[in-house]
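There are 2 protein chains.
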Amino acid sequence: MKSMKTVAVLLFEDFETLDVFGPVEVFGVLKKEYYVTFYSQKGGLVSNSHRVSVDSKPLAEIDSKPDIFLIPGGYGTREEVNNPELITIIKAVSESSNYVMTVCTGTALLARTGLLDGKNATSNKRAFEWVMGQGPEVIWIKKARWVVDGKYYTASGVSAGIDMTLGFLKDQHGVDYARDIAFKIEYTWHEDKANDPFGIL
Amino acid sequence: MKSMKTVAVLLFEDFETLDVFGPVEVFGVLKKEYYVTFYSQKGGLVSNSHRVSVDSKPLAEIDSKPDIFLIPGGYGTREEVNNPELITIIKAVSESSNYVMTVCTGTALLARTGLLDGKNATSNKRAFEWVMGQGPEVIWIKKARWVVDGKYYTASGVSAGIDMTLGFLKDQHGVDYARDIAFKIEYTWHEDKANDPFGIL
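Sequence lines, in order, name chains W and U.
Residue 274 is where the first sequence ends in the numbering used here, and the numbering goes up by one at each step.
Residue 274 is where the second sequence ends in the numbering used here, and the numbering goes up by one at each step.
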């Protein structure tokens with residue numbers, strides 16, 4: 074356990090299913106190296122409009138610095154950007170984490186903390202205007218599958234979270250390592266983070 | 074609710090994360106048309122080795138004929154093929170469902186019911202020998218992203234479940250409809266079910 078990397082996954086009501094479970098599948102293949110834990114503001118079951126209900130620990134129980142903090146998107150972010158208590162916790166956990174990953178509109182939650190100000194980031198192009206409004210000082214990249222700026226990894230919509238997580242593994246372990254994981258889960262990885270085949274902007 | 078299609082998702086200990094949540098994401102985009110419910114043998118929280126813990130209803134509470142019965146794979150299938158009580162329930166629910174979908178080694182569970190005997194089916198190529206052993210009378214297709222035989226849809230490994238679910242939507246609603254969903258979740262859909270880019274057999 075000591076030598077394992079810890080992945081803290083944030084949940085909130087009406088998270089996007091695949092924003093969470095795409096990256097979790099990738100880390101799950103590496104379950105001897107990455108240890109995933111789900112957290113939410115209050116802990117307990119967290120549900121979404123896809124009728125998924127997932128168990129979680131309260132965020133207050135994060136007692137160490139996660140290696141990776143994963144923030145998904147989903148319609149719930151429209152509520153949570155106006156939840157100052159959660160944004161405060163997201164800021165604190167993001168600051169203490171070695172890496173922070175956001176998927177889709179999860180970038181809006183991170184943007185609200187101010188931690189992305191002056192940094193490059195992206196999000197779902199179909200919600201881009203709204204996301205940009207959550208962080209006017211962020212350097213928003215309109216065409217990108219995912220963006221890396223220091224410890225911050227931000228992805229476009231839904232499946233882009235899988236591409237970004239594989240990209241993170243490439244950065245950590247090399248491209249062959251990441252390709253091997255993609256092959257195991259039979260996923261056609263978009264290796265080039267600048268190539269945004271689903272961009273509309 | 075009356076006009077919605079019902080999707081019953083089977084869970085068991087150590088299911089594969091993306092086998093479940095790939096298809097659930099696709100149906101989730103269509104949440105006004107497809108109503109997803111998670112079931113397990115006893116109900117309650119069901120966990121896997123990726124440390125995901127999902128709430129479920131007991132299979133005994135399925136009180137109507139689901140439109141779609143989804144059976145995921147995962148290491149847990151190695152145990153469950155030897156769980157006659159579960160196989161009996163899977164057989165009954167499969168018989169009463171309009172469509173049955175399996176992902177990865179989930180095909181092994183369906184094969185154990187005998188319902189696939191004499192039918193075409195596929196599974197994960199990296200577990201193919203073992204899966205074939207669970208249904209010697211099945212016509213196993215060694216090169217396929219997914220296979221359709223009547224009401225039975227069987228997919229290759231993990232992400233192939235997303236391709237198959239989109240393929241199901243194509244069969245139900247046309248190819249443009251399915252492509253629109255793939256675009257929304259930013260997923261590069263393998264449209265040709267005979268094309269198996271991850272095949273090793």
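All residues carry an ideal CB built from backbone N, CA and C; glycine is no exception.
Interface flag, residue i vs chain W, CB-CB below 8 Å
i                : result
LEU118 (chain U) : yes
THR238 (chain U) : no
ARG124 (chain U) : yes
SER264 (chain U) : First, the amino acid is wrong: residue 264 (chain U) is Glu here, not Ser. Cβ-Cβ to chain W under 8 Å: no for GLU264 (chain U).
SER167 (chain U) : no
PHE94 (chain U)  : yes
PHE271 (chain U) : yes
VAL97 (chain U)  : yes
GLY230 (chain U) : yes
VAL176 (chain U) : no
THR186 (chain U) : no
VAL109 (chain U) : yes
GLY101 (chain U) : yes
LEU242 (chain U) : no
Integer-rounded CB distance, given that residue j should sit under 8 Å from residue i
i                : j                : result
ALA181 (chain W) : THR150 (chain W) : 5 Å
ASN171 (chain W) : ASP140 (chain W) : 5 Å
ILE212 (chain U) : LYS192 (chain U) : 6 Å
VAL220 (chain W) : LYS164 (chain W) : Not a contact, Cβ separation roughly 20 Å.
GLY147 (chain U) : PHE88 (chain U)  : 4 Å
ILE160 (chain W) : ARG185 (chain W) : 5 Å
VAL125 (chain U) : VAL127 (chain W) : 7 Å
ASP190 (chain W) : GLY208 (chain W) : 7 Å
VAL102 (chain U) : ILE254 (chain U) : 5 Å
Start and end residues, beta strand (DSSP E) containing residue i
i                : result
LYS78 (chain W)  : 78-83
VAL173 (chain W) : 172-175
Chain U within 8 Å of residue i, Cβ atoms only
i                : result
LYS104 (chain W) : yes
SER76 (chain W)  : no
TYR260 (chain W) : yes
ALA233 (chain W) : yes
GLY149 (chain W) : no
ARG161 (chain W) : It is worth fixing the name first, because residue 161 (chain W) is Thr in this sequence and not Arg. Chain U contact via Cβ: absent.
ASP128 (chain W) : yes
GLY191 (chain W) : no
PHE256 (chain W) : yes
GLY179 (chain W) : no
GLY227 (chain W) : The question names Gly, but residue 227 (chain W) in the sequence shown is Thr. Not an interface residue.
LEU143 (chain W) : no
LEU182 (chain W) : no
LEU91 (chain W)  : yes
Proximity of residue i and residue j at Cβ, strictly below 8 Å
i                : j                : result
GLY116 (chain W) : PRO145 (chain W) : no
VAL82 (chain W)  : TYR112 (chain W) : yes
PHE100 (chain U) : VAL109 (chain U) : yes
ALA233 (chain U) : VAL176 (chain U) : yes
LEU242 (chain W) : ALA228 (chain W) : no
GLY230 (chain W) : PHE271 (chain W) : yes
SER167 (chain U) : LEU143 (chain U) : no
ASP236 (chain W) : TRP262 (chain W) : yes
SER169 (chain W) : LYS138 (chain W) : yes
VAL80 (chain W)  : HIS123 (chain U) : no
LEU183 (chain W) : SER129 (chain W) : no
LEU91 (chain W)  : ILE258 (chain U) : yes
ASN268 (chain U) : ARG218 (chain U) : yes
Residue i: first and last residue of the uninterrupted alpha helix (DSSP H) it sits in
i                : result
THR261 (chain U) : Careful: THR261 (chain U) lies outside any alpha helix (DSSP H) and carries neither H nor E.
THR180 (chain U) : 179-185
VAL93 (chain U)  : 90-102
VAL166 (chain W) : 157-169
- Sequence ranges, beta strand (DSSP E) only - wholly within the stretch 193-254 of chain W, length at least 3: Correct list: 219-222, 225-228.
- Counting only runs that start and end within the stretch 110-155 of chain U, where is the beta strand (DSSP E) found for 3 or more residues in a row? Entirely contained in the stretch 110-155 of chain U, the beta strand (DSSP E) runs reaching 3 residues are, in chain order, 141-144.
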